[in-house]
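Report on the structure given below.
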Amino acid sequence: MRVRFPPSPTGALHIGGARTALYNWLLAHGPAAQAEAGRRGTLVLRIEDTDRERSTEANVAQIIDALSWLGLDWDEGPISQIANTPRHRMALAQLLADGHAYHSTADAEVVRAYKERHGADRGFRGTPEADGAVRLRVPDEGVTSFVDLVRGELSFPNASMDDPIIARADGSVLYNFAVAVDDLDEGITHVVRGEDHISNTPKQLLVFKALGAEPPLYAHLPMLLGPDGKKLSKRHGAASVQELRERGYLPEAVNNYIALLGTGFAPDEEFFTMDEMAQRFRLERVSRSPAVFDEQKLRHINGMHLRALPPEELTRRLEAFTGRSGLGAAVEISREKIQTLADFWPLAGFIFDGPRDDPAAFAKVVGAEGARDVLGEVRRRLAALERFDAAAVERELRAVVDARGLKPGQVFQPLRVAIAGRTVSPGIFETVALLGRERTVALIDRALSS
Ligand code: GLU
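Heads up: the sequence shown is residues 103 to 552, going by the working numbering.
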């Protein structure tokens, strides 16, 4: 089995592109490849850089960086499509010589009239490339069909197909031709890509046929939508892999979520490693209906992956993410409360940088009736503690609750706001223990004098 991922480097790697890359990776690493050849498949990375204006080195670097971050490694490439220009031109010359392609001065009108005489049922587009371009000769009759591994048999009546332009007058080839020649040359056996390419497939099949070659198998993945049912885009939050990374998602969670999206599993309930996913992944299980990408579900599954990391590893990643060091103890007491790496600093940053005061919380909680009095007693008790650990802190705080007949929150919240400046923090006992007696008492004094 030989599969490929051929991004066009005209921008960042989007979530849809990551899904295509991942599904190809899973296919190559899964049982289908194994059953076919007794070893895993080969993933080819091809950079479709024929759009000279929009393809940039920076975009290539960005895509490669995103794939590496996701751990989606490839076996061959990156192969530059533009570097294959001589081969594309040779193949084009062959088709022209064989009569499978022709130089056409016919504009779209002429082609349309010809097609209509042969029973075509829809109109044809005129394109600026038309003048002097090379067109592929589509048979007048019959159908071009293939069995899509996701969608089943798909048929396209030839009479309804324009003779596709495969090269401009200057001999530079167009997408459908270049892709088919590259897939052929690279020995690709399975083309797995987005549904937006379905209409290209018959054209590419006709190129294979004209070249006298066996085409690969095709599988088209359903559209990716946002939770509102509209095509997934920036409006729905993160749209690129880089953005997901900046928002503190773990690559293993992103892969897990995307792998299960629209493949018949509950994406927010199933927790898999890459190897387990490759073992379970089946193209036939990919749903034909659009898949909904829901960042809330990704958050949820990210929290599961985050808590599954060994504490030292989570600390290492949080240190890389925040650019700070010495986070170990604070990570330990925060891990149950965060779902992304980005959640950590807003929750626990005060342990390092001191409170970031929320004046409204201060006024409401520390200013509540009796709160200063409670804080005063908490201060006295904590200052007198012999062993300053979480269990001892808890004992003292609960003693205040009981002695005064208060609800726990009436004691814990004023203390929380005093030490964190806000109403959120990791667990209060653990946090106070970590801050230590001296800092805790000083922070309470600060709150009391505010
Ligand atoms: N370069 C194309 C794209 O980014 C992919 C072409 C293909 O998969 O055949 O959409």
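Each residue gets a CB set at the ideal place from its N, CA and C atoms; glycine is no exception.
{"Query": "Closest to G173 by CA distance: which of D377, N302 and K336 is it?", "Result": "D377"}
{"Query": "Could you tell me which of D459, P324 and R500 sits nearest to V476, measuring between CA atoms?", "Result": "R500"}
{"Query": "Flag this pair as yes or no: are the beta carbons of A444 and R349 separated by less than 8 Å?", "Result": "yes"}
{"Query": "Let's see if you can read the secondary structure: which residues bound the alpha helix (DSSP H) around S170?", "Result": "E159 to L172"}
{"Query": "Could you compute how far the alpha carbon of N260 sits from the alpha carbon of L276?", "Result": "20 Å"}
{"Query": "So, under 8 Å CB-CB, R189 and V283 are touching, yes? Tell me the CB distance rounded to an integer number of Å.", "Result": "7 Å"}
{"Query": "Pull up the distance between the alpha-carbon of G273 and that of L307, whole angstroms please.", "Result": "21 Å"}
{"Query": "V236 and A269 - do their beta-carbons sit closer together than 8 Å?", "Result": "yes"}
{"Query": "Determine which residues share a DSSP beta bridge with P259 and list them.", "Result": "V245"}
{"Query": "Considering only heavy atoms of the ligand GLU, list every residue whose Cβ is less than 6 Å from one of them, following chain order.", "Result": "P108, P109, S110, E150, V281, R295 and H299"}
{"Query": "For S342, write down the residues that DSSP places opposite it in a beta bridge.", "Result": "H116"}
{"Query": "Please report the straight-line C-alpha distance between I149 and V526, rounded to a whole angstrom.", "Result": "47 Å"}
{"Query": "N186 and G113 - do their beta-carbons sit closer together than 8 Å?", "Result": "no"}
{"Query": "Within the stretch 477-545, note down every full alpha helix (DSSP H) run reaching 4 residues or more, in order along the chain.", "Result": "492-506 and 510-522"}
{"Query": "What residues match up with L326 in a beta bridge as DSSP calls it?", "Result": "A393"}
{"Query": "Verify the contact flag: L326, CB atom, against every heavy atom of the ligand MG, threshold strictly below 7 Å.", "Result": "Inclusion of the ligand MG in the displayed structure is not the case, the ligand content consisting of the ligand GLU alone."}
{"Query": "So, with DSSP's three-state summary, where would you put L238?", "Result": "strand"}
{"Query": "Would you say R481 and I546 are within 8 Å of each other, going by their C-beta atoms?", "Result": "yes"}
{"Query": "R524 and D460: beta carbons closer than 8 Å?", "Result": "yes"}
{"Query": "Between R224 and the rest of its own chain, which residues show a CB-CB distance below 7 Å, the 5 nearest in sequence each way excluded?", "Result": "For R224, the pLDDT reaches just 49, beneath the cut-off of 50, and the residue's location in the model is therefore unreliable, although a value from the coordinates is still provided. Closer than 7 Å at Cβ, skipping near neighbours: S262."}
{"Query": "Which residues bound the beta strand (DSSP E) around L197?", "Result": "Looking at the DSSP string, L197 is not in any beta strand (DSSP E); the run it does join, the alpha helix (DSSP H), is T187 to D200."}
{"Query": "My parser needs the alpha helix (DSSP H) runs of 4 or more residues fully inside the stretch 269-298; what are they?", "Result": "277-287"}
{"Query": "Using a Cβ-Cβ cut-off of 7 Å (strictly less than) and excluding sequence neighbours within five positions of R253, which residues of its own chain qualify?", "Result": "H322 and R390"}
{"Query": "Assuming L128 contacts A168 (C-beta within less than 8 Å), just tell me the rounded distance between them.", "Result": "Between A168 and L128 the Cβ distance is about 17 Å, and since that is not below 8 Å, they are no contact."}
{"Query": "Can you tell me the Cα-Cα spacing of E231 and P317, whole angstroms?", "Result": "For E231, the predicted structure reports a pLDDT of 48, less than 50, and the residue's modelled location is therefore unreliable. A value from the coordinates is still provided. Each residue's Cα considered, the two are about 26 Å apart."}
{"Query": "So E288 and R106 are supposed to be a Cβ contact under 8 Å. How far apart are they, rounded?", "Result": "6 Å"}
{"Query": "Counting pairs of beta carbons, one from the stretch 117-126 and one from the stretch 319-335, are three or more of them closer than 8 Å?", "Result": "yes"}
{"Query": "Which residue's Cα is closest to the Cα of V502: G179, G472 and A465?", "Result": "G472"}
{"Query": "May I have the straight-line CA-CA distance separating Y125 from L145, to the nearest angstrom?", "Result": "11 Å"}
{"Query": "I need the DSSP call for I440, collapsed to helix, strand or coil.", "Result": "coil"}
{"Query": "Here's the rule: buried if 16 or more other CB atoms are within 10 angstroms of the residue's CB, otherwise exposed. What is H205?", "Result": "exposed"}
{"Query": "Just grab the DSSP bridge partners of D250 for me.", "Result": "G254"}
{"Query": "Look up E372 in the DSSP assignment and say whether it is helix, strand or coil.", "Result": "coil"}
{"Query": "What residues are listed by DSSP as bridge partners for Y320?", "Result": "V293"}
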